[in-house]
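Enquirer:
Numbering (the working numbering), first residue to last: 6 to 177.
Printed below as a string of structure tokens:
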């Protein structure tokens, strides 16, 4: 059982089709004690503070592009390399499927970490967003997903993984 915690303070700004998102954050990873008691696994105390900034531009026809980067301020283990980049493309169809009040969406997110010799981590998702199923103003998305890259689960950050899945999402 792996548990990652992220706590952050962030700010965002929007001007026309441009937007920016910046944050300072703390992330720590905790491997379940019951798992550690039953194995001889050496625990990695992964914990760090970082800063990142992303810029975004909305193009016509429901297309959004974004990119940015970040760095770690304080880190454990101390040998962790500092820098990272992120870029992506999203398509939220301006055309609605009326009989079900939903619209198609597709997204690809690419991350590169200095820690992993700048190898590319790819996350791709596609599915539908329901216009009429909202919680706190956020719409329900049902998405198929694919991931190939280093694991985003902190304790295992040096392991490469690949998976396919289906998820239900409310993004806040």
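In this text, a Cβ means the ideal position worked out from N, Cα and C, and glycines have one as well.
Looking at C-alpha atoms only, which residue of 107, 33, 81 and 18 is the closest neighbour of residue 12?
Expert: Taking only the C-alpha atoms, the option nearest residue 12 is 33.
Enquirer: Looking at residue 75: is its Cβ nearer than 8 Å to the Cβ of residue 89?
Expert: yes
Enquirer: I need the DSSP call for residue 105, collapsed to helix, strand or coil.
Expert: helix
Enquirer: Per DSSP, which residues does residue 88 bridge with? Please list them.
Expert: 76
Enquirer: So if DSSP puts residue 176 in a beta bridge, which residue, or which two residues, is it bridged to?
Expert: Note: residue 176 sits in no beta bridge, so no partner.
Enquirer: Ordered along the chain, which non-local residues of its own chain (more than five positions away) have a Cβ less than 6 Å from that of residue 167?
Expert: Once the five neighbours on either side are set aside, the close Cβ partners of residue 167 are 153.
Enquirer: Residue 140 to residue 102, Cα distance in whole Å?
Expert: Each residue's Cα considered, the two are about 20 Å apart.
Enquirer: Look at residue 173 and residue 151 and say whether their C-beta atoms are less than 8 Å apart.
Expert: no
Enquirer: Residue 65 to residue 86, Cα distance in whole Å?
Expert: 38 Å
Enquirer: Apply the 10 Å Cβ neighbour rule to residue 110 and answer buried if 16 or more other Cβ atoms are within range, or exposed otherwise.
Expert: buried
Enquirer: When you compare only the Cα positions, how much space is there between residue 97 and residue 68?
Expert: 7 Å
Enquirer: Please list the terminal residues of the continuous beta strand (DSSP E) segment that includes residue 62.
Expert: 52-63
Enquirer: For the candidate residues 70, 142 and 77, whose alpha-carbon lies nearest to that of residue 112?
Expert: 70 is the residue among 70, 142 and 77 whose C-alpha sits nearest the C-alpha of residue 112.
Enquirer: For the beta strand (DSSP E) containing residue 163, name the first residue and the last one.
Expert: Element bounds for residue 163: n/a, residue is neither H nor E.
Enquirer: Which residues share a DSSP beta bridge with residue 34?
Expert: 9
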